[in-house]
Amino acid sequence: MMNFRSAVTVLFIFFLSVMAKAQYTMHKMVSVGYTYQNQSFGEVGGKLLFLKNDDVIYRLGGSALMGSAGSKFAIMPKLQADVLLNFEKNVDFYHSYYLLIGAEGTNKYIAPKIGVTLFGLLDLAGGYAFPIGDARLNGKEMKGLNVNLTLNIPTVFIHDMFK
Numbered sequence: 001m002m003n004f005r006s007a008v009t010v011l012f013i014f015f016l017s018v019m020a021k022a023q024y025t026m027h028k029m030v031s032v033g034y035t036y037q038n039q040s041f042g043e044v045g046g047k048l049l050f051l052k053n054d055d056v057i058y059r060l061g062g063s064a065l066m067g068s069a070g071s072k073f074a075i076m077p078k079l080q081a082d083v084l085l086n087f088e089k090n091v092d093f094y095h096s097y098y099l100l101i102g103a104e105g106t107n108k109y110i111a112p113k114i115g116v117t118l119f120g121l122l123d124l125a126g127g128y129a130f131p132i133g134d135a136r137l138n139g140k141e142m143k144g145l146n147v148n149l150t151l152n153i154p155t156v157f158i159h160d161m162f163k
């Protein structure tokens, strides 16, 4: 458990130091998706997107992974941090795709990941999960291939949709 706390602390300090250098715009998002981690999980949560310009974007998020593990329903909390990169500067709307580099962690595993995102709204990422200690979820080991497919919906869009 101490390794998880240390990793979260390091990520938090890193992002605070990056954001202390310049003024960033923050956008709130609701996220829903699918995660495969030795088992299939549905994911529901929220993310904060920070940007100063359109070629580097930072995201922090928290969500709940829900699924069946060991024939029992299970819920795992998940924290994640991502950096979205597009190397074309000042082209705004034409930035349709970004390289996604990040990490996610639960109380059972930590997984670095890499992938692509379309407008920062639809993510496809994969990585490898490393278990924290001897942690298991209902007897199932949480290590190995990690795949995420996530839809991120800005709260502004949701608000405008119900006007």
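For the sequence shown, full-length UniProt numbering gives the first residue as 1, with consecutive numbering after it.
Ideal Cβ positions, reconstructed from N, Cα and C, are used throughout, including at glycine.
Bear in mind that the values here come from a model prediction, so they are computed numbers and not experimental data.
{"query": "Which of helix, strand or coil DSSP assigns to I158", "result": "helix"}
{"query": "First and last residue of the uninterrupted beta strand (DSSP E) at A64", "result": "V56 to A69"}
{"query": "Given 8 Å, three or more beta-carbon pairs between the segment 134-143 and the segment 59-74", "result": "yes"}
{"query": "I114 versus F73, V83, P154 and R5, residue with shortest Cα-Cα distance", "result": "V83"}
{"query": "N146, buried or exposed, once every other Cβ within 10 Å from all chains shown has been counted against 16", "result": "buried"}
{"query": "Collapsed DSSP secondary structure at S96 in the structure displayed", "result": "coil"}
{"query": "Sequence-distant residues of its chain with Cβ nearer than 8 Å to A31 (five each side left out)", "result": "As written in the sequence, residue 31 is Ser, which differs from the Ala given in the question. Answer for S31: E43, V44, G45, G46, K47, G61, S63, T150, L151, N152 and I153, listed in chain order."}
{"query": "Straight-line gap, Y128 to Q23 (C-alpha atoms, nearest Å)", "result": "33 Å"}
{"query": "Euclidean distance between Cα positions of residue 188 and K163", "result": "The structure shown does not extend to residue 188, since the chain spans only 1 to 163, so no value can be given for it."}
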